[in-house]
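In my numbering, the protein residues as written are 62 to 236.
Below is one structure, written out as structure tokens, with a few remarks after it.
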């Protein structure tokens with residue numbers, strides 16, 4: 062488990078959060094996280110509509126929570142909710158290496174109630190830092206063209222965003 066990639070961050074509103082690699086025991090929190098995502102957020106992340114049942118199936122979440130860190134990195138952002146007396150996952154970021162290359166694809170999704178607070182920017186920044194430490198040459202990602210918020214996040218972090226004619230944009234950063 063790559064504990065050295067765990068860190069803390071402060072969101073724009075002063076909320077402290079932990080950003081750390083995902084663990085197998087995070088599966089119950091991942092179920093609750095998926096319950097916080099709107100259809101719009103799901104579509105922007107997966108480029109298709111997926112039901113909650115599809116997203117939280119044990120087989121799928123087990124694959125997402127058990128990570129081969131040689132091939133990918135999955136980070137969760139955890140907020141300690143004092144009112145509910147429990148921790149909750151409020152954002153997930155992922156880097157997947159493309160085999161035989163120095164390139165990885167990224168994906169980020171933030172709980173609807175935590176959007177527009179700087180969390181996506183913090184999470185993507187952390188993925189870029191880890192990509193550098195892992196010796197990647199580039200990080201790329203596909204973004205739906207109408208997902209303007211994510212394109213802006215990418216540009217803030219230093220990515221170049223290229224819009225194509227087919228409804229998708231490509232974000233890329235050279236490390």
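All residues carry an ideal CB built from backbone N, CA and C; glycine is no exception.
Residue span of the beta strand (DSSP E) that contains residue i, given as start and end
| i | result |
| --- | --- |
| residue 142 | 133-142 |
| residue 235 | 229-235 |
| residue 70 | 68-71 |
| residue 222 | 221-224 |
Secondary structure of residue i, DSSP reduced to three states
| i | result |
| --- | --- |
| residue 167 | strand |
| residue 79 | strand |
| residue 206 | coil |
| residue 153 | strand |
| residue 120 | helix |
| residue 186 | helix |
| residue 213 | helix |
| residue 101 | helix |
| residue 177 | coil |
Buried/exposed call for residue i, threshold 16 Cβ in 10 Å
| i | result |
| --- | --- |
| residue 161 | exposed |
| residue 127 | exposed |
| residue 225 | exposed |
| residue 103 | buried |
| residue 109 | exposed |
| residue 218 | buried |
| residue 131 | exposed |
| residue 174 | exposed |
Expected contact under 8 angstroms - CB spacing of residue i and residue j to nearest Å
| i | j | result |
| --- | --- | --- |
| residue 62 | residue 77 | Actually they are not in contact, since the Cβ atoms of residue 62 and residue 77 sit about 22 angstroms apart, beyond 8 angstroms. |
Segment limits, alpha helix (DSSP H) that includes residue i
| i | result |
| --- | --- |
| residue 92 | 88-96 |
Original post:
Would you call the segment 183-192 and the segment 128-142 in contact, with 3 or more CB pairs under 8 angstroms?
Top reply: yes
Original post:
Is the segment 165-177 close to the segment 191-210, with three or more CB pairs under 8 angstroms?
Top reply: yes
Original post:
For the 8 angstroms Cβ check, are there 3 or more pairs between the segment 185-199 and the segment 106-117?
Top reply: No: fewer than three Cβ pairs fall under 8 angstroms.
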